[in-house]
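Heads up, the thing below is written out as structure tokens.
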Amino acid sequence: MDMADIDPLCPERLVMEHVTSRWGTLALIALLERPYRFSELRREIGSVSEKMLAQTLRTLERDGLVHRDAKPVIPPRVDYSLTALGREAAEQVRDLALWTQRRMAAVERAREAYDATQARPAAAPGVTAGGPPS
Numbered sequence: 001m002d003m004a005d006i007d008p009l010c011p012e013r014l015v016m017e018h019v020t021s022r023w024g025t026l027a028l029i030a031l032l033e034r035p036y037r038f039s040e041l042r043r044e045i046g047s048v049s050e051k052m053l054a055q056t057l058r059t060l061e062r063d064g065l066v067h068r069d070a071k072p073v074i075p076p077r078v079d080y081s082l083t084a085l086g087r088e089a090a091e092q093v094r095d096l097a098l099w100t101q102r103r104m105a106a107v108e109r110a111r112e113a114y115d116a117t118q119a120r121p122a123a124a125p126g127v128t129a130g131g132p133p134s
């Protein structure tokens, strides 16, 4: 895939943004385990607002990745689960998350090496960042 040929607003790029968004990734991975009610899923993911989770689930539902099953009972009950397409996407995202966990030490070493090359020497005494001593 040549990224230069992909329009920034093309459908593929938008779906990729939805799947790899902060909350999209976590929701998809959690839903691999089992269907969840909204509040259960929110607890499972942790630190996501109701508004953001609802928006994320709506987006994933629109993309055909999540199924929303509203049961006609009182109090209302809504379950969220993965569609076949969603399961396929979630497995890919989970694999990327597992790779990240396995390779995090190498990433940290690379960051430290980069940061060391970017460090600026400390200014000499009496020299301000803006110019010569006063």
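Each residue of the sequence shown is one higher than the one before, counting from 1 in the UniProt record's numbering.
Don't be surprised by glycine CBs; every beta carbon is placed ideally from N, CA and C.
According to DSSP, simplified to helix, strand and coil, what is residue i?
i: ARG13; result: helix
i: VAL107; result: helix
i: residue 140; result: Lying before the first or after the last residue shown, residue 140 is absent from the chain, which here runs from 1 to 134.
i: VAL66; result: strand
i: LEU60; result: helix
Which two residues bound the contiguous beta strand (DSSP E) that contains residue i?
i: ASP79; result: 77-82
Count the other CB atoms within 10 Å of the CB of residue i; is the residue buried (16 or more) or exposed (fewer)?
i: ALA30; result: buried
i: ILE74; result: exposed
i: VAL107; result: exposed
i: GLY24; result: buried
i: VAL66; result: buried
i: THR56; result: buried
i: LEU26; result: buried
i: GLY64; result: exposed
i: THR59; result: buried
i: GLY86; result: buried
The alpha helix (DSSP H) with residue i in it runs from where to where?
i: ARG43; result: 38-45
Taking the C-alpha atoms as reference points, what is the distance between residue i and residue j?
i: TRP99; j: VAL93; result: 10 Å
i: LEU53; j: PRO72; result: 22 Å
i: ASP79; j: GLN101; result: 29 Å
i: GLU12; j: ASP115; result: 34 Å
Closer than 6 Å to a non-hydrogen atom of the ligand ADP - does that hold for the CB of residue i?
i: LYS51; result: With respect to small molecules bound, the structure shown includes none, and the ligand ADP cannot be examined in it.
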